[in-house]
Every structure is written in C-alpha cells, then in structure tokens.
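Worksheet for the structure shown next.
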Amino acid sequence: MTIDEQVQDCARRRLAIIEGQVRGVQRMVEEGVGCVEILTQISAIHEALRGVGKVIVRHHIETCVTEGLQTEARRQHQDELMDLIYTLSK
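Residue numbers (this note's numbering): 186 to 275.
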C-alpha cells in the first residue's frame with residue numbers, strides 16, 4: 186500500500202525543513218561554530234526525523250497493519266509490526 190497524499194504532503198514539508206536544518210549545520214561546521222551549538226542542531230534534526238517517522242508509522246498502522254490483521258496472513262503482519270517496533274526502539 187502506498188502513502189496517501191495527505192501523509193506525503195506532511196512528510197515532504199517536514200523533510201524540507203530538515204533539509205534546511207542540515208544545510209544550516211553544514212554552514213555552521215564550515216564557519217567553525219562551536220561544537221555545542223552544532224550538536225544541539227544535530228539533536229534537533231534527529232528529533233525532526235523521528236517526527237517524520239511517527240507520521241509514517243501512524244499511517245502504516247492505520248492502513249496496512251489494520252487491514253493485514255483482518256486477513257489470514259495475520260501472523261505475518263503481527264511479526265512485521267513487532268520487527269518495526271524493535272527497529273524503531275533502538
């Protein structure tokens with residue numbers, strides 16, 4: 186199943202902001218800005234990426250997982266969800 190347009194638009198907007206943040210960190214490195222300031226921005230980027238992931242995971246659960254749990258392949262979808270939870274919790 187593909188991601189619907191509303192989720193795509195939300196993810197694109199967030200990713201565009203993240204792209205700008207990454208360019209900002211690159212400039213900070215090139216300009217010799219202090220480590221703490223750079224690391225603070227990197228932490229903000231990580232959190233922003235987690236936010237994009239949260240939007241996509243929610244969509245996945247609301248669509249693919251919900252539909253999959255109602256089929257004969259229920260166990261496969263449960264395993265996939267467990268693997269996803271494990272991967273995201275690292």
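Glycine residues also receive a C-beta, built at the ideal position from the N, C-alpha and C atoms.
Practice problem: Within the same chain, show all residues whose beta-carbon is closer than 7 Å to that of GLU222, passing over the 5 residues directly before and after it, in chain order. | Solution: To locate residue 222, count along the sequence shown from 1; it is residue 37. Same-chain partners within the cutoff: MET213.
Quiz item: Can the beta-carbon of VAL240 be found less than 8 Å from the beta-carbon of CYS195?
Solution: Residue numbering aside, residue 240 sits at position 55 when the sequence shown is read from its first letter. Residue numbering aside, residue 195 sits at position 10 when the sequence shown is read from its first letter. For VAL240 and CYS195, yes; Cβs fall inside 8 Å.
Practice problem: Please decide whether ARG198 counts as near chain B, where near means a Cβ-Cβ distance under 8 Å. | Solution: Included in the structure is just one protein chain, with no chain B present.
Quiz item: Between the C-alpha atoms of GLU190 and GLU204, what's the straight-line distance to the nearest angstrom?
Solution: Numbered from 1 along the sequence shown, position 5 holds the residue referred to as residue 190. Numbered from 1 along the sequence shown, position 19 holds the residue referred to as residue 204. One C-alpha to the other measures close to 20 Å.
Exercise. Please say whether ALA229 and ILE202 have beta carbons closer to each other than 8 Å?
Key: Residue 202 sits at position 17 when you count from the first residue of the sequence shown. Residue 229 sits at position 44 when you count from the first residue of the sequence shown. Their beta carbons are not under 8 Å apart, which means ILE202 does not touch ALA229 by this criterion.
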